[in-house]
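S.K.: One structure, pasted below without further comment.
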Amino acid sequence: MKNIKMIDSLSHKRVIQFARSRKFSVNRKKRPVPIEELNSNLQQQSQNELSRIVRPYYEIQEPVLIRNFIDGGTPAIHRWKDLDYLCDKVGYNTPCSVEIGGSYNSNIARNEILFGEYIAYMNLFHEQYGSTSKGTGENDNRPQSEELVYMAQNHLFPSLKDDFTMPDLVGSMSKLKTKSSDSCGFRNSRNIVGHGHVYSTMIWFGPSHCISPLHYDPLDNLLMGFVGKKKIVLFPKDQNDGDDYNRTYSSDDSKSEKTKWHYAGYNGQQYNTSPVDICNPDYKLYPNFENVPQAWECLLQPGEILFIPKRWWHHVTSLETAVSVNIWWR
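This is how it looks when you write it as structure tokens:
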């Protein structure tokens, strides 16, 4: 098992068990390893504690999962389960963008609909399929890909910002005009990790079976789970990824030894997105995927925060109806 840096001052620490809801078949010769899981003492949890946990991992650029850090009393944890609440809070006529097919993919056209229409879709989906994955048997009542509609990567609706506390560590999203703010306008600036510049805050909302395909982000990422479970598989960054933002491959490159294991830019994909289905890889089409590095895997549950370092490859599967929020920052 891969050795991961330890933080001795934490009260609890254990390794997260593999998510068993879906067969993992990234590579026939390698097994995924878990991400270190840190448990904070609920009676002592604070913005300072969260920053203290994340900072050393930010510095070494390795992922870390923090369990039970978002208090169960946080409104988003229990209110966002209620579709009627979300519709009332966001507004029926508020526009949102969705992906048809259940996969967030830069090459798929984004369709704009009303948020109330999406809530109506979610209610129909729950009536037909329920809110959780039902396994992989032939007789399972599973949705077809064209029945999946994913409200992926929408800017967080302003009306939902009051339902949870934005972490101080990202910096500028925590600006408050209060007497407790420092001269720079930050609340508890000592808790900032990195430069304190937020790029964007996004909400991800969809039924079970929705995925984000294998990709990396150029910025550090905090992923916060509020509703449902998500299975996340990560691969360490390639030191050369991102050097050529216009990199593309032709069909003749698929078997070249120089082609990277992830095939980003191949088959019309963007430079940071892989065309390989890691749950059912086509080794004939993508033979270099045999060289995939060892995977890290975790299960993100409500109340948990996952730090994903910039340029770490990751693949996300919703195991249940799920709502999460991510923050990209420097």
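Take the numbering used here: the last position of the sequence shown gets the number 1321, and nothing is skipped along the way.
Note that beta-carbon positions come from the ideal geometry of N, C-alpha and C, so glycine has one too.
#1: For Met1157, which of helix, strand or coil comes out of DSSP?
#2: Where does the unbroken alpha helix (DSSP H) through His1117 begin, and where does it stop?
#3: Can you tell me where the beta strand (DSSP E) holding Gln1038 begins and where it ends?
#4: In angstroms with no decimal places, state the Cα-to-Cα distance between Gly1185 and Val1218.
#5: How would you label His1146, buried or exposed, when you count the other beta carbons within 10 angstroms and need 16 or more for buried?
#6: Bridge partners for Gly1197 per DSSP, in chain order?
#7: Taking C-alpha atoms, which residue in Leu1214, His1305, Pro1047 lies nearest to Phe1060?
#8: From which residue to which residue does the beta strand (DSSP E) around Cys1087 run?
#9: Since Ile1068 contacts Val1055 with CB under 8 Å, what's their CB separation in whole angstroms?
#10: When burial is assigned at 16 or more other CB atoms within 10 Å of the CB, is Trp1304 buried or exposed?
#11: Would you list the one or two residues that DSSP bridges to Cys1078?
#12: By the three-class DSSP mapping on this structure, what secondary structure does Leu1288 have?
#13: Given a cut-off of 9 Å, decide if Val1316 and Arg1155 are closer than it, judged by their beta-carbon atoms.
#14: If the criterion is Cβ atoms closer than 9 Å, does the pair Val1307 and Ser1203 meet it?
#15: Just to confirm, are Trp1287 and Ile1051 a CB contact at a threshold of 9 Å?
#16: Looking only at its own chain, which residues have a Cβ that is under 6 Å from the Cβ of Trp1319, when we skip the five neighbours before and after it?
#17: Run through the DSSP bridge pairs and tell me what Pro1294 is partnered with.
M.R.: Straight from the coordinates:
#1: For the purposes of this step, residue 1157 is taken as the residue at position 166 of the sequence shown. The answer is coil: DSSP assigns Met1157 none of H, G, I, E or B.
#2: The residue given as residue 1117 occupies position 126 in the sequence shown. From DSSP, the alpha helix (DSSP H) with His1117 extends over 1106-1120.
#3: For the purposes of this step, residue 1038 is taken as the residue at position 47 of the sequence shown. Element bounds for Gln1038: not the beta strand (DSSP E) but the alpha helix (DSSP H), 1038-1051.
#4: Taking the sequence shown and counting its residues from 1, the one referred to as residue 1185 is at position 194. Taking the sequence shown and counting its residues from 1, the one referred to as residue 1218 is at position 227. Taking the straight line from one Cα to the other gives about 28 Å.
#5: If you number the sequence shown from 1, residue 1146 lands on position 155. By the 10 Å Cβ count, His1146 comes out exposed.
#6: Locating residue 1197 in the sequence shown gives position 206, counting from the first residue. Answer by DSSP bridge pairing, in chain order: Ala1313.
#7: Within the sequence shown, residue 1060 is the residue found at index 69, counting from 1. Of Leu1214, His1305, Pro1047, the residue nearest in Cα terms is Leu1214.
#8: Counted from its first residue, the sequence shown places residue 1087 at position 96. In the DSSP assignment, Cys1087 falls within the beta strand (DSSP E) that extends over 1086-1091.
#9: Stepping through the sequence shown from its first residue, residue 1068 is reached at position 77. Stepping through the sequence shown from its first residue, residue 1055 is reached at position 64. With a Cβ gap of about 21 Å, Ile1068 and Val1055 do not count as contacting.
#10: In the sequence shown, the residue the question calls residue 1304 occupies position 313. With 16 or more Cβ atoms within 10 Å of its Cβ, Trp1304 is classed as buried.
#11: Numbered from its first residue, the sequence shown carries residue 1078 at position 87. BP columns for Cys1078 are empty, so no partner.
#12: Against the sequence shown, residue 1288 aligns to sequence position 297. Per the sequence presented here, residue 1288 reads as Glu, with Leu not at that position. Reduced to three states, the DSSP call for Glu1288 is strand.
#13: Position 164 of the sequence shown, counted from the start, is the residue given in the question as residue 1155. Position 325 of the sequence shown, counted from the start, is the residue given in the question as residue 1316. Arg is not the amino acid found at residue 1155; the sequence shown has Phe there. Yes, the Cβ-Cβ distance between Phe1155 and Val1316 is below 9 Å.
#14: Numbered from 1 along the sequence shown, position 316 holds the residue referred to as residue 1307. Numbered from 1 along the sequence shown, position 212 holds the residue referred to as residue 1203. Yes, Cβ-Cβ distance for Val1307 and Ser1203 is below 9 Å.
#15: Along the sequence shown, one-based indexing puts residue 1287 at 296. Along the sequence shown, one-based indexing puts residue 1051 at 60. Result no, Cβ atoms of Trp1287 and Ile1051 do not sit closer than 9 Å.
#16: Taking the sequence shown and counting its residues from 1, one reaches residue 1319 at position 328. Only Tyr1190, Ser1191, Leu1210, Asn1212 meet the Cβ criterion.
#17: Mapped onto the sequence shown, residue 1294 falls at position 303. Residue 1294 is actually Gly in this sequence, not Pro. DSSP, once it has assigned bridges, lists no residue as partnering Gly1294.
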